[in-house]
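S.K.: One structure follows; several queries about it will come next.
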Amino acid sequence: MAKLGKRTTAAREAFAGKDNLSVEEAVALVKGNAKAKFDETIEIAMSLGVDTRHADQMVRGVIGLPNGTGKTMRVAVFARGPKAEEAQAAGADIVGAEDLMETVQGGTIEFDRCIATPDMMPIVGRLGKVLGPRNLMPNPKVGTVTMDVKEAVEAAKGGEVQFKAEKGGVVHAGLGKASFDEAKLVENVRAFIEAVQKAKPAGAKGTYMKKIALSSTMGPGITISVDNATGNA
Numbered sequence: 132m133a134k135l136g137k138r139t140t141a142a143r144e145a146f147a148g149k150d151n152l153s154v155e156e157a158v159a160l161v162k163g164n165a166k167a168k169f170d171e172t173i174e175i176a177m178s179l180g181v182d183t184r185h186a187d188q189m190v191r192g193v194i195g196l197p198n199g200t201g202k203t204m205r206v207a208v209f210a211r212g213p214k215a216e217e218a219q220a221a222g223a224d225i226v227g228a229e230d231l232m233e234t235v236q237g238g239t240i241e242f243d244r245c246i247a248t249p250d251m252m253p254i255v256g257r258l259g260k261v262l263g264p265r266n267l268m269p270n271p272k273v274g275t276v277t278m279d280v281k282e283a284v285e286a287a288k289g290g291e292v293q294f295k296a297e298k299g300g301v302v303h304a305g306l307g308k309a310s311f312d313e314a315k316l317v318e319n320v321r322a323f324i325e326a327v328q329k330a331k332p333a334g335a336k337g338t339y340m341k342k343i344a345l346s347s348t349m350g351p352g353i354t355i356s357v358d359n360a361t362g363n364a
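Start counting the sequence shown at 132; every next residue gets the next number (the numbering used here).
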């Protein structure tokens with residue numbers, strides 16, 4: 132068995148015997164043990180009682196975190212004419228139409244969010260097998276298929292986070308950086324949990340939120356009390 136480093140061993144010892152903490156306690160513990168040489172991302176993972184094979188149990192949504200993510204979001208926009216100019220003026224990193232489609236088909240994906248005007252969807256639709264698995268496919272349900280390109284680009288750049296339940300009913304996201312103040316991280320975590328709670332699908336049966344865990348990029352995870360996080364009794 133590989134020998135653990137001092138930082139990993141210390142983190143595990145700090146987390147030992149602790150479970151089902153409040154959001155505040157979990158944030159303090161995870162932030163306090165994020166001691167890598169870079170600014171670690173504070174990540175959340177939520178296990179939900181849904182079966183994503185059924186359309187009426189899909190969990191998907193978007194939330195503008197109150198304190199942003201601390202990440203520089205690279206945004207690509209599929210648009211033509213005035214809408215392409217609007218996207219560029221709003222700060223989009225890549226703007227194009229057929230040329231952008233060819234770039235993506237060639238395997239070059241240098242963006243974290245993809246936005247498209249409705250008239251571009253026949254072109255973007257051809258990229259489903261490439262963008263879909265990366266959760267980059269524009270979707271009107273989360274505001275990335277829209278004529279209001281300016282607002283969509285600014286929202287993406289301003290700390291908006293998309294979420295979608297993956298196989299097994301797990302939702303995960305980055306909610307800020309370890310350098311953030313504890314209070315700001317707590318606000319972001321609670322806002323995200325509330326957004327997922329509101330996105331509960333009609334087909335969900337039984338317990339919806341099963342488990343919530345918080346971690347940093349290089350650190351161990353700690354569970355958060357679901358009742359404390361959601362306000363349930």
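Yeah, the Cβ is synthetic: ideal placement off N, Cα and C, and Gly gets one too. Being a predicted model, the structure only gives us computed values, none of them experimental.
Classify F169: buried if its beta carbon has 16 or more other beta carbons within 10 angstroms, exposed otherwise.
M.R.: exposed
S.K.: According to the neighbour-count rule (16 or more other Cβ atoms, all chains shown, within 10 Å of its Cβ), is Q188 buried or exposed?
M.R.: Buried, because 16 or more other Cβ atoms sit within 10 Å of the Cβ of Q188.
S.K.: For L179 and K315, which I take to be in contact (beta-carbon distance under 8 angstroms), what is that distance rounded to the nearest angstrom?
M.R.: Actually they are not in contact, since the Cβ atoms of L179 and K315 sit about 25 angstroms apart, beyond 8 angstroms.
S.K.: As an exercise, report each continuous alpha helix (DSSP H) stretch of at least 4 residues that is fully enclosed by the segment 181-226, in chain order.
M.R.: 212-221
S.K.: Would you say R257 and M232 are within 9 angstroms of each other, going by their C-beta atoms?
M.R.: yes
S.K.: Is any non-hydrogen atom of the ligand SAH found closer than 8 angstroms to the C-beta of V226, if you look at the structure I gave you?
M.R.: Among the components of this structure there are no ligands whatsoever, and the ligand SAH is therefore not found.
S.K.: With DSSP run on the structure shown, which of helix, strand or coil describes A314?
M.R.: A314 falls in the helix class under three-state DSSP.
S.K.: With 16 as the cutoff for other CB atoms within 10 Å, does D358 come out buried or exposed?
M.R.: exposed
S.K.: Is it buried or exposed, I355, if we count other Cβ atoms within 10 angstroms and call 16 or more buried?
M.R.: Under the 10 Å beta carbon count, I355 is surrounded by 16 or more other beta carbons and is classified as buried.
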